[in-house]
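Quick note, in numbering that gives the first Met the number 0, the sequence shown goes up one by one and the last residue is 172.
Cβ atoms here follow ideal geometry from the backbone N, Cα and C, with glycine treated the same way.
These numbers were taken from a predicted model, which means no experiment stands behind them.
Presented below is the structure to which this report refers.
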Amino acid sequence: MKLSAAFMPLFSSAEICQRNLIVARLYSVFGRSWWQELTFLALTGSSGKGIVKRAENTLVGRCDAPTSGRMTAELSFGFWENMLLPKYAASLWTPLHPHFPDLPQAIDQATFYSCCDDLRSLRNRISHHEPIFRRNISQDYANCMKFIGWLSSAKEKWIKPHCDVMQIMRQKP
């Protein structure tokens, strides 16, 4: 439990950095009400459009006016991960690196998406209370830190001293 909990600050940091960078791009392409723009909704397809509309309806149901910030928070990590799928490359991520300035030039979209998908998968295993002790925790930690660094080298430097994953792992029974 302690080891799983120790990953949560990493997941939070990665998710917030990632979605904020993606939203900045959506804002620049589709405007301040990006989630209502027909071109954005068409781009996401019927499934994505349904997810966005449900998030908007949830906010309205809570008497919260849908804003970019509220929509950003209401949509799931999986939604934000999916915004990195190859189907969005031509519309949003070509070229990729100007929108993720700390991403090394050698990293392509497929590698970037794959790393994000691995992080989301680990997050889901932990969030669903599945055991992780048979995993390569050192590699999982390294991958999380790498992804955070690709999103924001400043965030990676900031979170590292606050992270207990490796310390807890060394205390294994």
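DSSP three-state assignment for residue i, whether helix, strand or coil
i	result
F146	helix
E14	helix
C162	coil
M7	helix
L25	helix
E36	coil
Buried versus exposed, by CB contacts within 10 Å (16 or more), residue i
i	result
E196	Since the displayed the chain opens at 0 and closes at 172, residue 196 lies outside it and no answer follows.
V59	exposed
S157	According to the sequence displayed, residue 157 carries Trp and not Ser. With fewer than 16 Cβ atoms within 10 Å of its Cβ, W157 is classed as exposed.
Q108	buried
F132	exposed
E129	exposed
S12	buried
D139	buried
Distance CB(residue i)-CB(residue j) smaller than 8 Å
i	j	result
W79	Q35	no
V22	T66	no
L42	D101	no
V164	F6	yes
V28	L118	no
L2	I147	no
Next item on the list: Could I get the ranges of all uninterrupted alpha helix (DSSP H) runs contained in the stretch 76 to 158, with 4 residues as the minimum, in chain order?
Entry: Qualifying alpha helix (DSSP H) stretches, in chain order: 76 to 81, 108 to 126, 136 to 150, 152 to 158.
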